[in-house]
Amino acid sequence: MKISGVLGEKNPKLLVSVSYGGNTQGGEWDPVSTWRPWTDFTFKNLSSLFSRVLHLTADPFDRSPPFCDYDREVFNENIFEKALERFVMPIVNRMLQQACEDHQPPPYYGAGSAVGSSADWALRSVAHTYEMGNYRPLLLGETKLSAKWTPDMAQTDID
Numbered sequence: 002m003k004i005s006g007v008l009g010e011k012n013p014k015l016l017v018s019v020s021y022g023g024n025t026q027g028g029e030w031d032p033v034s035t036w037r038p039w040t041d042f043t044f045k046n047l048s049s050l051f052s053r054v055l056h057l058t059a060d061p062f063d064r065s066p067p068f069c070d071y072d073r074e075v076f077n078e079n080i081f082e083k084a085l086e087r088f089v090m091p092i093v094n095r096m097l098q099q100a101c102e103d104h105q106p107p108p109y110y111g112a113g114s115a116v117g118s119s120a121d122w123a124l125r126s127v128a129h130t131y132e133m134g135n136y137r138p139l140l141l142g143e144t145k146l147s148a149k150w151t152p153d154m155a156q157t158d159i160d
């Protein structure tokens, strides 16, 4: 199977029971005052950019451990992040490791707190650290449940 096939497999079916909540704001984040649509940010373009890596053969590996019904229940973003850590991120990190064999050490996608950020997720690598030895964030990410997502920026003026 190719890396694209592994990454494209169905995620575990979760039982989400979440009411509306607000979007997260981090104190150290730059404020967003304007924006514009990124029309080139499409599956087709990303697949084309990373086609060499996505078509590499994925080494077989043991998938995430089996889970019970309680593991599938999601009541808030924190629980959802735990489900991602357990069932999705090990696969993503395994594919990153295989895709980056020429770039040792490979990057790792984990908790944002590992790089001193309030972001939920951060891509990091031991090859990218500050002088004090702390990881530098290579890419930050936020977890959003659809029930909490509000398109605030879509309702503002476009740059």
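Mind the numbering: the sequence shown is residues 2 to 160 in the working numbering, read in order.
Backbone N, C-alpha and C define an ideal beta-carbon position, used for all residues, glycine too.
None of the values given here were measured: they were computed from a predicted structure.
Give me the Cα-Cα distance between residue i and residue j, rounded to the nearest whole angstrom.
{"i": "C69", "j": "N12", "result": "15 Å"}
{"i": "V7", "j": "A59", "result": "7 Å"}
{"i": "R37", "j": "R125", "result": "28 Å"}
{"i": "R87", "j": "Q99", "result": "19 Å"}
{"i": "L57", "j": "K3", "result": "5 Å"}
{"i": "R73", "j": "F62", "result": "23 Å"}
{"i": "L47", "j": "L97", "result": "16 Å"}
{"i": "R64", "j": "L50", "result": "27 Å"}
{"i": "C101", "j": "R53", "result": "12 Å"}
{"i": "A84", "j": "L55", "result": "24 Å"}
{"i": "F44", "j": "A123", "result": "22 Å"}
{"i": "N79", "j": "P67", "result": "20 Å"}
{"i": "W39", "j": "V33", "result": "15 Å"}
{"i": "L234", "j": "L15", "result": "As displayed, the chain neither begins before 2 nor continues past 160, which places residue 234 out of reach and without an answer."}
{"i": "S5", "j": "D41", "result": "20 Å"}
{"i": "A128", "j": "V17", "result": "37 Å"}
Please state whether the Cβ-Cβ distance between residue i and residue j is less than 8 Å.
{"i": "Y136", "j": "T130", "result": "yes"}
{"i": "V75", "j": "F81", "result": "yes"}
{"i": "N77", "j": "V19", "result": "yes"}
{"i": "P138", "j": "V116", "result": "yes"}
{"i": "S114", "j": "E29", "result": "no"}
{"i": "D121", "j": "G142", "result": "yes"}
Going by DSSP, name the residue or residues bridged to residue i.
{"i": "Y109", "result": "R125"}
{"i": "T130", "result": "Y136"}
{"i": "T144", "result": "According to DSSP, which records beta bridges pairwise, T144 is partnered with nothing at all."}
{"i": "L16", "result": "E74"}
{"i": "T58", "result": "K3"}
On the CB-based measure, 16 or more other CB atoms within 10 Å of its CB, does residue i come out buried or exposed?
{"i": "Y71", "result": "exposed"}
{"i": "D108", "result": "The sequence as given places Pro at residue 108; Asp does not occur at that position. The residue is buried, with at least 16 neighbouring Cβ atoms inside 10 Å."}
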